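S.K.: In the working numbering, the protein residues as written are 6 to 442. Just so it is clear, CB atoms sit at the ideal spot from N, CA and C, and this is done for glycine as well. It should be emphasised that the depicted structure is a prediction, and the values quoted were computed from it without experimental measurement. This is the structure I want to talk about, given as structure tokens.
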Amino acid sequence: MRRLALVLAAMAAMMGPGRAALQVDVNQANIQPLPIAIPDFVAPTPAAANPAAAAAIENIAKVVRADLERSGLFNPLDPKSFIDTVTNINLAPNFQNWRVISAQGLVTGQAALQPDGRLRVDFRLWDVYGESQMLGLQYTTQPSTWRRVAHMISDAIYQRITGEKGYFDTRIVFISESGPALRRNKRLAIMDQDGANPSFLTPGGLALTPRFNPTAQMIAFMSYATGKPRVFLFDLETGRYETLGDFPNMTFSPRFSPDGNFVAMTLETNGNSDIYVMDLRTRQTRRLTYDPAIDTAPSFSPDGKQIVFESNRGGSQQIYVMNADGSNPHRISFSAGQNGTPVWSPRGDLIAFTKLTSAQFRIAVMRPDGSGERLLSNGWEDEGPTWAPNGRVLMFTRTIQGGRGSQIWSIDVTGRNQRRVATGGDASDPAWSPLIQ
């Protein structure tokens, strides 16, 4: 993973007298996107001699605008509507000129190539009606990693205005699909959360259910590379991968514990599927479920004390919760239909899952005790949810009716803001990384 040097230069929250802070309440039932102006960043020194630096100066603001717009909480105004030009970010802007176009927030920034070859990026967030600076930060990085800086700026703006952590400086691991239906090629792939910088991690074959560890340095996934379904560990630093244990039968549906020391997975023995957990430090394995039914798809709670999983031990596919040592398994889904692929929110407040009812797969959420179930998506076949690290947005696989392939979509936890994620082709099984360190 690319290393990034971050320098925190200044942070200020100076509010105008008698006026509330510029903010977006993400808990409101209906949110009107906040109008925000983000002019192109200025270049106080020439950067044309370095193509990467020139690309950064030209495109950072575009990436920030795209990030914030995709969140559904912000309305970045069209730069063609601007009647003012930013030439010096260290001077207070003419707020009246930005109020004329109804901007409530304003982001100004500059990028400059330093003598040591690094790129320095500064930005300011302004409350237009409060006529005050809300935030000021500086980043120093290699010119080639300018997109990361743009996502970090988006995260900082998102957090300052919403009070919630952002999720833009993250990556998505997924399955890239190609070829005819009966001989589908499924490769492990990775991209930035906005679809940029896609690359393949494995050669052709059949890979499924990738999952990040908590540091975003390792991926667990299932593959048929050895002929039988096996769980593999992929090291993003070295590009090497290895099987997780030498089991005689199938292993699948891996998921890391919050501390990254354990992997819960399904192991098939004598025709029966149960959930096991492996200590990655010792490679010792412990069995957690002992039911003759199918137990699979484990997912840890954020504190690591519980595991949610799916089972048909009650006669149909339903969702259960047990303690991390396998004790006290109990069913939490009781509404009509079948329920599976559960995954615990990083916030701990919700469990997302796939619901099958009336011959339709939907993405739904409920509280860990099974109450408060809500349907979020409305596709024909939506399945396999994965959470953004702030627990506010989900991605999932959407299969198009009529066999026209699968796509990755995102949706927020209220059920609003459904969007397709650009992958350049058929894709499935997304897994969201933690914020990149």
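Going by DSSP, name the residue or residues bridged to G345.
M.R.: Looking at the DSSP assignment, G345 forms a beta bridge with T359.
S.K.: What does the alpha-carbon distance come out to for the pair Q115 and T207?
M.R.: Straight through space, the alpha carbons of T207 and Q115 are spaced by roughly 39 Å.
S.K.: What span of residues does the beta strand (DSSP E) with I312 cover, start to end?
M.R.: Counting along the chain, the beta strand (DSSP E) containing I312 begins and ends at 311-316.
S.K.: Using only alpha-carbon positions, find the residue among F179, I41, V426 that is nearest to W103.
M.R.: I41
S.K.: F257 to F79, Cα distance in whole Å?
M.R.: Each residue's alpha carbon lies about 40 Å from the other.
S.K.: I need the boundaries of the beta strand (DSSP E) containing W103, first residue and last residue.
M.R.: Looking at the DSSP string, W103 is not in any beta strand (DSSP E); the run it does join, the alpha helix (DSSP H), is 100-104.
S.K.: Just confirm the distance between the C-beta atoms of G200 and A369, as a whole number of angstroms; I'd bet it's less than 8 Å.
M.R.: Contact between G200 and A369 fails: their C-beta atoms lie close to 25 Å from each other, not under 8 Å.
S.K.: Can you list the beta strand (DSSP E) stretches of 3 or more residues lying completely in the region 382-434, in chain order?
M.R.: Within the region 382-434, the complete beta strand (DSSP E) runs of at least 3 residues are 386-392, 398-404, 411-417, 424-426.
S.K.: Can you check which of these residues, D197, H335, S411, D330, is closest to E182 by C-alpha distance?
M.R.: S411
S.K.: Going by beta-carbon coordinates alone, are I162 and V69 separated by less than 9 Å?
M.R.: yes
S.K.: Run through DSSP, which three-state label would P81 get?
M.R.: strand
S.K.: With distance defined between alpha-carbon atoms, name the residue in A329, S382, I224 nearest to T243.
M.R.: I224
S.K.: Using alpha carbons as the reference points, say which of Q406, T419, E388, G429 lies closest to P435.
M.R.: For the set Q406, T419, E388, G429, the Cα lying nearest the Cα of P435 is the one of E388.
S.K.: How many whole angstroms separate the CB atoms of P81 and L73, which I take to be in contact at a CB cut-off of 8 Å?
M.R.: The pair is a contact, with the Cβ atoms about 6 Å apart (cut-off 8 Å).
S.K.: Going straight from the alpha carbon of I416 to that of N55, what length do you get?
M.R.: Linking I416 to N55 through their CA atoms gives a straight-line distance of about 38 Å.
S.K.: Buried or exposed: which applies to D160, given that a residue is buried once 16 or more other Cβ atoms fall within 10 Å of its Cβ?
M.R.: buried
S.K.: CB-CB under 8 Å to D240, same chain, minus the five flanking residues each way: which ones, in chain order?
M.R.: When the five nearest sequence neighbours on each side are left out, the beta carbons in the same chain lying within less than 8 Å of the beta carbon of D240 are those of Q222, M223, Y246, in order along the chain.
S.K.: Closest by CA to T113, which one among D121, Q101, W131, P439?
M.R.: W131
S.K.: Run through DSSP, which three-state label would P203 get?
M.R.: If DSSP states are grouped into helix, strand and coil, P203 belongs with coil.
S.K.: Tell me, to the nearest whole angstrom, how far the beta carbon of I445 is from that of A212; I am working on the premise that it is less than 8 Å.
M.R.: Nothing about residue 445 can be reported from this structure: the residues present for the chain run from 6 to 442 only.
S.K.: Less than 9 Å separating the beta-carbons of P307 and W349?
M.R.: yes
S.K.: If you follow the alpha helix (DSSP H) that M157 is in, where does it begin and where does it stop?
M.R.: 151-167
S.K.: According to DSSP, simplified to helix, strand and coil, what is R129?
M.R.: strand
S.K.: Output the distance between the C-alpha atoms of L355 and M371, rounded to the nearest integer angstrom.
M.R.: Their backbone Cα atoms lie some 5 Å apart in a straight line.
S.K.: Return helix, strand or coil for P148, following the three-state DSSP convention.
M.R.: In the structure shown, P148 falls within a helical segment according to DSSP collapsed to helix, strand and coil.
S.K.: How far does the beta strand (DSSP E) with N190 in it extend, from its first residue to its last?
M.R.: 190-197
S.K.: Assuming M283 and G250 are in contact, meaning their beta carbons sit under 8 Å apart, how far apart are those beta carbons, in whole angstroms?
M.R.: 6 Å
S.K.: Compare the C-beta of A60 with all C-beta atoms of chain C and state if any pair is closer than 9 Å.
M.R.: Checking the listed chains, one finds no chain C in this structure; it contains a single protein chain.
S.K.: Quick one: grab the DSSP three-state call for A221.
M.R.: coil
S.K.: Just to confirm the assignment, what range does the beta strand (DSSP E) spanning N254 have?
M.R.: Segment: none, N254 is in no beta strand (DSSP E) and carries neither H nor E.
S.K.: Give me the DSSP bridge partner(s) of S340.
M.R.: Bridge partners of S340: none, in fact.
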